[in-house]
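A short write-up of the structure that comes next.
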Amino acid sequence: MKNWMVLSSMVFSEVFGNICLSRGMRQIGPVELTRLSSVFVTAGKMLGSPWVVIGVIFLILYFIFYLEALSRLELSYVLPMAASSYLVTTLAAASILQEAVSVTRWIGTSAICAGIFLVGRSQLEV
Amino acid sequence: MLSVGPMILAVICTDAAGNLLLRRGMKGGWVVNPVLGGGILCMAVSFFLFAALLSRANLSFVLPITAMGYVINVVGARHLLKENVTPARWAGTLLIGVGVALVCL
């Protein structure tokens, strides 16, 4: 598989996976984790939700693409994609999940994106 | 009832630990080793907490917050590993911190 395919598959899987997971978890409703029993109850609910299952599958795929990218590519290729995924995910959350994203949140997310890119670049110089 | 704050902290810490272990574990490529296994376990816990968080808060809020892991990474690198942190890295870290603060507003 070509490098650019690995990277774009990585970003797509992450965004799509997070969107589906978020949708599924929202449907389940606020989760309690105070007792060990509630952890198992939550896990059960998650397995029973189609959105969560699809989300998890795609996030596992993202994970595999991510590991593959790390093992064959330099950080200079992987980091910008990882940084951009924050913006792409927020965009998808706003449009697909109909989340209200304030201007402040957009600015903040953009700052994070730029910051991650800077951090990634600086690590290369070491 | 677990509040969102401690949950966020737990997600970030397990994610940071998991990432560190993963990076070390993948150095030899696809080889089964305990470091890689530990990293995957950490990530699994982090993920479960992340999913639980998503049941309570927006994705556009939770995901940027997890970027705080980068800040922890740099702080840990400086104080635990005694790494020399370049000005560019500090600047990037500060930017991430500001970004997270803005997302919280």
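Here the protein sequences come in this chain order: A and B. All residue numbers for the first sequence refer to this note's numbering, where the first residue is 1 and numbers rise by one. All residue numbers for the second sequence refer to this note's numbering, where the first residue is 1 and numbers rise by one. Every residue gets a Cβ at the ideal spot worked out from N, C-alpha and C, and that includes glycine. Small disclaimer: the values here were computed from a predicted structure and weren't measured.
Practice problem: Apply the 10 Å Cβ neighbour rule to Cys20 (chain A) and answer buried if 16 or more other Cβ atoms are within range, or exposed otherwise. | Solution: Along the first sequence, read from residue 1 onward, the residue named residue 20 (chain A) stands at position 20. Classification for Cys20 (chain A): buried.
Exercise. Counting only the same chain and skipping the five closest in sequence on each side, list residues whose C-beta sits under 6 Å from that of Met81 (chain A).
Key: The residue labelled residue 81 (chain A) in the question sits at position 81 within the first sequence. Within the same chain, Met81 (chain A) has close Cβ partners Leu7, Val11.
Exercise. Identify the continuous alpha helix (DSSP H) that holds Asn3 (chain A) and give its terminal residues.
Key: Numbered from 1 along the first sequence, position 3 holds the residue referred to as residue 3 (chain A). Element bounds for Asn3 (chain A): 3 to 28.
Exercise. Identify the contact partners of Met25 (chain A) in chain B, using a Cβ-Cβ distance below 7 Å as the criterion.
Key: Along the first sequence, one-based indexing puts residue 25 (chain A) at 25. What Met25 (chain A) touches in chain B: Ala51, Leu54, Ser55.
Quiz prompt | Length of the line joining the Cα atoms of Leu137 (chain A) and Leu36 (chain A) | solution = Because chain A in this structure spans residues 1 to 126, residue 137 (chain A) falls outside the shown range and cannot be described.
Quiz item: Among the residues of its own chain, which have a CB less than 7 Å from the CB of Cys42 (chain B), if the five just before and after it don't count?
Solution: Looking up residue 42 (chain B) in the second sequence gives position 42. Result list for Cys42 (chain B): Thr14, Ala17, Gly18, Leu21, in chain order.
Quiz item: What does Gly29 (chain B) touch in chain A if you count any residue whose Cβ is under 8 Å from its own?
Solution: Taking the second sequence and counting its residues from 1, one reaches residue 29 (chain B) at position 29. Within 8 Å Cβ-Cβ: Ser71.
Quiz item: Along chain A, in chain order, which residues have C-beta atoms closer than 8 Å to that of Ile96 (chain B)?
Solution: Numbered from 1 along the second sequence, position 96 holds the residue referred to as residue 96 (chain B). Ordered by position in chain A, the residues that pass the 8 Å Cβ test against Ile96 (chain B) are Ala111, Ile112, Gly115, Ile116, Val119.
Quiz prompt | N-terminal and C-terminal residue of the alpha helix (DSSP H) that Ser55 (chain B) is part of | solution = Counting from one through the second sequence, the residue named residue 55 (chain B) turns up at place 55. Note, Ser55 (chain B): premise wrong, no alpha helix (DSSP H); not H, not E.
Quiz item: For the stretch 10 to 35 of chain A, which residues have a beta carbon sitting closer than 8 Å to at least one beta carbon of chain B?
Solution: Asn18, Ile19, Leu21, Ser22, Met25, Arg26, Ile28, Gly29, Pro30, Val31, Glu32, Leu33, Thr34
Quiz item: Roughly how many whole angstroms lie between the Cα atoms of Val100 (chain B) and Gly115 (chain A)?
Solution: Counted from its first residue, the second sequence places residue 100 (chain B) at position 100. Counted from its first residue, the first sequence places residue 115 (chain A) at position 115. Using only the alpha carbons, I get a separation of about 11 Å.
Self-check item: Three-state class that DSSP yields for Ala101 (chain B) in the structure shown
Solution: Sequence index remark: in the second sequence, residue 101 (chain B) carries index 101 (1-based). Note: Ala101 (chain B) maps to helix in three-state DSSP.
Quiz item: Would Arg72 (chain A) be called buried (16 or more neighbouring beta carbons within 10 Å of its own) or exposed?
Solution: For the purposes of this step, residue 72 (chain A) is taken as residue 72 along the first sequence, with counting starting at 1. The residue in question, Arg72 (chain A), is exposed, as its Cβ has fewer than 16 Cβ neighbours within 10 Å.
Quiz prompt | Residue burial classification, Cys113 (chain A) (beta-carbon count within 10 angstroms, cutoff 16) | solution = Here residue 113 (chain A) refers to the residue found at position 113 of the first sequence. With 16 or more Cβ atoms within 10 Å of its Cβ, Cys113 (chain A) is classed as buried.
Exercise. Kindly indicate which three-state DSSP category Trp106 (chain A) falls into: helix, strand or coil?
Key: Taking the first sequence and counting its residues from 1, the one referred to as residue 106 (chain A) is at position 106. Trp106 (chain A) falls in the helix class under three-state DSSP.
Quiz item: From Glu83 (chain B) to Glu99 (chain A), what distance separates their C-alpha atoms?
Solution: Locating residue 83 (chain B) in the second sequence gives position 83, counting from the first residue. Locating residue 99 (chain A) in the first sequence gives position 99, counting from the first residue. If you take the alpha carbons of Glu83 (chain B) and Glu99 (chain A), they lie about 40 Å apart.
Quiz item: In three-state DSSP terms, what is Glu74 (chain A)?
Solution: To locate residue 74 (chain A), count along the first sequence from 1; it is residue 74. Reduced to three states, the DSSP call for Glu74 (chain A) is coil.
Practice problem: Go to Ala16 (chain B), then tell me how far its alpha helix (DSSP H) extends in each direction, as first and last residue. | Solution: The residue given as residue 16 (chain B) occupies position 16 in the second sequence. First-last of the alpha helix (DSSP H) with Ala16 (chain B): 4 to 25.
Exercise. Give the C-beta separation of Val119 (chain A) and Gly92 (chain B) to the nearest angstrom, bearing in mind that I take them to be a contact with Cβ-Cβ under 8 Å.
Key: Residue mapping note: residue 119 (chain A) aligns to position 119 of the first sequence, counting from 1. Residue mapping note: residue 92 (chain B) aligns to position 92 of the second sequence, counting from 1. Right, the Cβ-Cβ distance comes to about 4 Å (below 8 Å), so this counts as a contact.
Quiz item: Whose Cβ in chain B lies nearer than 7 Å to the Cβ of Ile107 (chain A)?
Solution: Along the first sequence, read from residue 1 onward, the residue named residue 107 (chain A) stands at position 107. Simply Leu102.
Quiz item: How is the alpha helix (DSSP H) around Val39 (chain A) delimited, first residue to last?
Solution: Locating residue 39 (chain A) in the first sequence gives position 39, counting from the first residue. Residues 36 to 48.
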